[in-house]
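Just below is one structure, and these are the notes that go with it.
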Amino acid sequence: MAHIGLRSFLIASLSGISTAHAATPYVSSDHAVRARNPQATAAPKAVEKHAVAPKHVTGGSEVITVRTVRNAPRLARHVPLGALGNKSEFDTPFSVSSVSAAKIEAMQASDINDVMRYEPGVQANSNGTSTASGSSVRVRGLNLDWTNGYKIDGMAIPYWYIDLPVANFDTIQVFKGASAFMYGFGSPGGVLDYRLKAPVENRKITLEAGYRSDAVFRQMLDVGGSLDSAHRVQTRLSFASEVGNQYNASFVRNLSTSFTTDVRITDKLHWHFNGFYLNTLQKGMVNTIASANGVGAIETISGRSVFGAKNSWKTNDMKRFSTGFDWEFAKNWSAALTYGYTHLNEQFPSNQITFTGPNGDYYNQAFEQKRVLTYHQVDAITQGHFTTGPVRQDVIVGITWLRQMFDADANSGALGPLEYGNIHDGRPIISNATNFNPRMYRYIDYQQVAPFWSDTFSYGKWSLMAGARYTDYMENDYSKTGSRTAAHRNNPVTPVVSLSYKITPEINAYFSWVQAMQAGGQAGSSNVNYMQVFGPIRSDQYEAGIKVQRKTFSGTLAVFRMDTGAAYTNAQNYYVQDGKSRYQGVEASASWLLTRDLNVNGSLAYLDARYVKAAVGYAGHKLEAVAPFQAALNADYRIRPVKGLSVNAGFNFVSRNWLDAANTIRLPSYIVGNVGASYAVNVGGHPMVFRAAVENVGNVRYWLSRGSRNLFPGAPRTVTLSARFDL
Numbered sequence: 053m054a055h056i057g058l059r060s061f062l063i064a065s066l067s068g069i070s071t072a073h074a075a076t077p078y079v080s081s082d083h084a085v086r087a088r089n090p091q092a093t094a095a096p097k098a099v100e101k102h103a104v105a106p107k108h109v110t111g112g113s114e115v116i117t118v119r120t121v122r123n124a125p126r127l128a129r130h131v132p133l134g135a136l137g138n139k140s141e142f143d144t145p146f147s148v149s150s151v152s153a154a155k156i157e158a159m160q161a162s163d164i165n166d167v168m169r170y171e172p173g174v175q176a177n178s179n180g181t182s183t184a185s186g187s188s189v190r191v192r193g194l195n196l197d198w199t200n201g202y203k204i205d206g207m208a209i210p211y212w213y214i215d216l217p218v219a220n221f222d223t224i225q226v227f228k229g230a231s232a233f234m235y236g237f238g239s240p241g242g243v244l245d246y247r248l249k250a251p252v253e254n255r256k257i258t259l260e261a262g263y264r265s266d267a268v269f270r271q272m273l274d275v276g277g278s279l280d281s282a283h284r285v286q287t288r289l290s291f292a293s294e295v296g297n298q299y300n301a302s303f304v305r306n307l308s309t310s311f312t313t314d315v316r317i318t319d320k321l322h323w324h325f326n327g328f329y330l331n332t333l334q335k336g337m338v339n340t341i342a343s344a345n346g347v348g349a350i351e352t353i354s355g356r357s358v359f360g361a362k363n364s365w366k367t368n369d370m371k372r373f374s375t376g377f378d379w380e381f382a383k384n385w386s387a388a389l390t391y392g393y394t395h396l397n398e399q400f401p402s403n404q405i406t407f408t409g410p411n412g413d414y415y416n417q418a419f420e421q422k423r424v425l426t427y428h429q430v431d432a433i434t435q436g437h438f439t440t441g442p443v444r445q446d447v448i449v450g451i452t453w454l455r456q457m458f459d460a461d462a463n464s465g466a467l468g469p470l471e472y473g474n475i476h477d478g479r480p481i482i483s484n485a486t487n488f489n490p491r492m493y494r495y496i497d498y499q500q501v502a503p504f505w506s507d508t509f510s511y512g513k514w515s516l517m518a519g520a521r522y523t524d525y526m527e528n529d530y531s532k533t534g535s536r537t538a539a540h541r542n543n544p545v546t547p548v549v550s551l552s553y554k555i556t557p558e559i560n561a562y563f564s565w566v567q568a569m570q571a572g573g574q575a576g577s578s579n580v581n582y583m584q585v586f587g588p589i590r591s592d593q594y595e596a597g598i599k600v601q602r603k604t605f606s607g608t609l610a611v612f613r614m615d616t617g618a619a620y621t622n623a624q625n626y627y628v629q630d631g632k633s634r635y636q637g638v639e640a641s642a643s644w645l646l647t648r649d650l651n652v653n654g655s656l657a658y659l660d661a662r663y664v665k666a667a668v669g670y671a672g673h674k675l676e677a678v679a680p681f682q683a684a685l686n687a688d689y690r691i692r693p694v695k696g697l698s699v700n701a702g703f704n705f706v707s708r709n710w711l712d713a714a715n716t717i718r719l720p721s722y723i724v725g726n727v728g729a730s731y732a733v734n735v736g737g738h739p740m741v742f743r744a745a746v747e748n749v750g751n752v753r754y755w756l757s758r759g760s761r762n763l764f765p766g767a768p769r770t771v772t773l774s775a776r777f778d779l
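Note that my numbering has the sequence shown beginning at 53, numbered continuously upward.
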């Protein structure tokens, strides 16, 4: 029956029912989570409370029972929160968003920009898989830390201009504001955590094939199950490939595989291993597109425009694994020990373009770089709870050791001669693909040892949390000759305090304050002082919010203010770290189940981000590439007259923003609309789902930017098709 329930879950979740679940597989999935963390509370009880009567779907001689919930409590899901342990989104005194694999599939998302399309306060700032710089986002106006801001299963990975295929992950989570306490050094804007597909107890085999215009084909295999009758050894293997020509005359080949296993040594002791491998080849992609000083607003250009030299190429090779033990050593108490290793080798002989006129005139240069980053990390954590009279205490104590080594290419950078042209008239030719000669040296090494502690006191409707992380941070910067140019030593204590009050069991109000530390910035390839490294930055964030979770409605509202160090490109094209930036705003999101068949989701974000202290001519200016206003609306509708058919549509709006810190050039606002449909059918007793989606229906032209006068043309109208079959 459990195996049949798994198939039922796939029919329910992939047929356009936005938050449908089947009872049996949900419990199985939670079992995998609890095996790794015995303190995780079982969320299925909240889901099953609103379960509707079973529906029976007959396929051949097999009867499949489907239990569906049209609006399972989204905020009731437990999520791993680093030093905060495992909490439900509803009980977390910070802003947290979690996007499930089912939702990613329904959106036909191909990269992180697509996944975070409708999340409030999350803004795409590059054009995903069609540019060699990869997909990336801003959270509350800040770029995530390339060194520490991206995680796999809660452990840091180098995210230097790469794309992680979404097919290998169960969920992708974004945490806003409290990142430094939860995970140590990192951008105070947030953390993006990719959670690998977890081991499953019952046999699972899924095949998927897809197509994305203009000619990219993808395949996916997802298998799992127990290797023994007692279900003591549970596994999951996922393989994905994507190969073909893209809409801007570039070529991509992404191969990725993940393997996870959980071994129950005893009922109280588990061993786990998670592995991930990525190999990427990209051809004909540009490294950087920038606007020269003194050039006005560049007219918007189609995402089909060809910026990359034909013979340019880029490879990414990432190896990542983690292993460790989870031990429930006493009633209500558990401990976990995990070691993680990551190695990224990136090679990139290409070209970069700088606009010299608003009509598309440019000069092109050869560009080369190679980066090799190696991470070692150990996490140890103990957590549990006890009661003293009417007061419950949840205690977490742990320590993190992280060593990060960054080797760079002494020959990296832009090279002469210059090639002049107009992007509307022809393709750039010059690159360094045939003369690639990297010379490696140790660029930076980081090390941090960080013990942390938090204690949550719960009394009736009130909950008070206090905690702190002490970080012994060491950073050494080196020149191309091998001599050390700078050494940064910091021993910050980053505290966190929050107070929550449950107005009713369905409404939780909170206030939180947290301090953060992040590594200093690094000058980009378009800056005069390319590769210069700066010292660490401290920040403060205050947030007040309210979360609501009802049977057919969930919503969040957060008001926040964050002060951190200012970093920008000045009029002389030098990247500088000087003064203070302030980010303050409001975020709201809601999900309504309006009818049994119609679910509507909306979000709004207002952000006032400016330099409050900076060099003369910059103080008071708005931060570059940060949109003051964002809005999104999407809906999915199940068409009852056609069994198994559902449709969805949505849009996201991003207001105009500044390209430069001097606030002289504006990037125009844009609205991008998306539509999709899915059709679920039973084939020989096995569920099969067909999906179609169109991104940027109106073929809108728009710019994206990471700041520092960098530009990326938004993706044009793109069609995605897929078929998924479960055995």
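Heads up, the beta-carbon is just placed ideally off N, CA and C, and yes, glycines get one too. Predicted model, so just to flag it, every value in this text is computed and none were measured.
Ranking K335, L196 and W710 by CA distance to the CA of Y211 puts L196 first. Residue burial annotation: R761 is buried, with at least 16 other C-beta atoms found within 10 angstroms of its C-beta. The beta carbons of K249 and T352 sit about 38 Å from each other, so the pair does not count as a contact at 8 Å.
According to the DSSP secondary-structure assignment, G450 is paired through a beta bridge with I433 and F504.
Between the stretch 253-273 and the stretch 329-340 there are fewer than three inter-stretch CB-CB distances shorter than 8 Å, so the stretches are not counted as touching. Within its own chain, the residues whose Cβ lies closer than 6 Å to the Cβ of R776, once the five positions on either side in sequence are excluded, are E260 and V741, listed in chain order.
Membership of A154 in any beta strand (DSSP E) is not indicated; the residue belongs instead to the alpha helix (DSSP H) covering A153 to M159. For the pair G180 and I482, the Cα-to-Cα distance works out to about 23 Å. According to DSSP, I475 shares a beta bridge with no other residue. Between N339 and N403 the beta-carbon gap is near 7 Å, inside 8 Å, which marks them as a contact. Sequence-distant Cβ neighbours of A388 in its own chain, meaning closer than 6 Å and more than five residues away, are D378 and I433. Comparing C-alpha distances from G441 to each of F509, G173 and I496 shows the shortest one belongs to F509.
The residues I451 and Y522, in chain order, have a CB closer than 6 Å to that of P503 in the same chain once the five nearest residues on each side in sequence are set aside. Judged by their CB atoms, T394 and Y415 are not nearer to each other than the 7 Å cut-off.
Burial state of I723 is exposed, judged by a 10 Å Cβ sphere holding fewer than 16 other Cβ atoms.
Where V167 is concerned, the enclosing alpha helix (DSSP H) starts and stops at I164 to V167. DSSP places F705 inside the beta strand (DSSP E), whose first and last residues are L697 to V706. Between the alpha carbons of V746 and G576 lies a distance of about 34 Å. DSSP, reduced to helix, strand and coil, places G137 outside both helices and strands of the structure shown, so it counts as coil. Restricted to the stretch 656-729, the beta strand (DSSP E) segments that are unbroken, complete and at least 3 residues in length are 681-691 and 697-706, listed in chain order. Secondary structure at Y754: coil, using DSSP grouped into helix, strand and coil. The C-alpha of V304 is placed about 28 Å away from the C-alpha of G702.
Each of G137, G193 and S354 was checked against the Cα of W385, and the nearest Cα belongs to G137. Spatial neighbours of N463 in its own chain (CB-CB distance under 7 Å, excluding positions within 5 residues in sequence) are listed in chain order as E420, N489, P490 and R491. Within the DSSP bridge table, the entry for V358 names no partner.
Annotated three-state conformation of L307 is strand, per DSSP. Around the beta carbon of G186, a 10 Å sphere encloses 16 or more other beta carbons of the protein chains shown; the residue is thus reported as buried. For A610, the enclosing beta strand (DSSP E) has its first and last residue at F605 to T621.
In this structure, D222 sits away from A301, with a CB-CB distance that is not shorter than 7 Å.
Listed as beta-bridge partners of H540 by DSSP are E527. Considering only G473, D497 and A538, the residue with the shortest C-alpha distance to A460 is D497. Here K366 really is in contact with Q399; their C-beta atoms are around 7 Å apart, less than 8 Å. In this structure, D274 lies away from Y299, with their beta-carbon atoms at least 7 Å apart.
DSSP, reduced to helix, strand and coil, places V424 within a strand of the structure shown. When secondary structure is reduced to three states using DSSP, Y235 falls in the helix class. For L216, the three-state secondary structure derived from DSSP is coil.
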